[in-house]
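First comes the structure, then the notes that go with it.
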Amino acid sequence: MPKIKTKASAKKRFKITGTGKVLYAQAGKRHGMIKRTNKQIRNLRGTNVLFEGDAANVKKYFLPNG
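Numbering-wise (our numbering), the sequence shown opens with residue 15 and increments by one.
Pasting the structure below:
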């Protein structure tokens with residue numbers, strides 16, 4: 015049997031923590047900052063933890079070796 019490959023797009027977008035949670039970068043900060051409030055921009059910094067149902071799908075289908 016051939017090895018299962020990790021999806022290249024997923025390894026750029028998600029990171030699995032030591033406890034098995036999936037982190038993702040928040041959306042909405044690529045362009046158009048002038049129309050967003052300072053509070054919105056501030057709150058979109060950093061990473062978030064993905065919901066458990068979505069995280070299970072990411073780990074099963076996109077990051078099988080992660």
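The beta-carbon is built from N, C-alpha and C at its ideal position, and this holds for glycine as well.
Bounds of the alpha helix (DSSP H) holding A22 are A22 to R27. Around the beta carbon of F65, fewer than 16 other beta carbons lie within 10 angstroms, which makes this residue exposed. Remark: C-beta atoms of P78 and T33 do not approach each other more closely than 8 angstroms. For the set F28, G42 and L58, the Cα lying nearest the Cα of D68 is the one of F28. Beyond the five residues adjoining it in sequence on each side, A41 comes within less than 7 angstroms, by CB distance, of no other residue in the same chain. Look at N71 here: in three-state DSSP terms it is helix.
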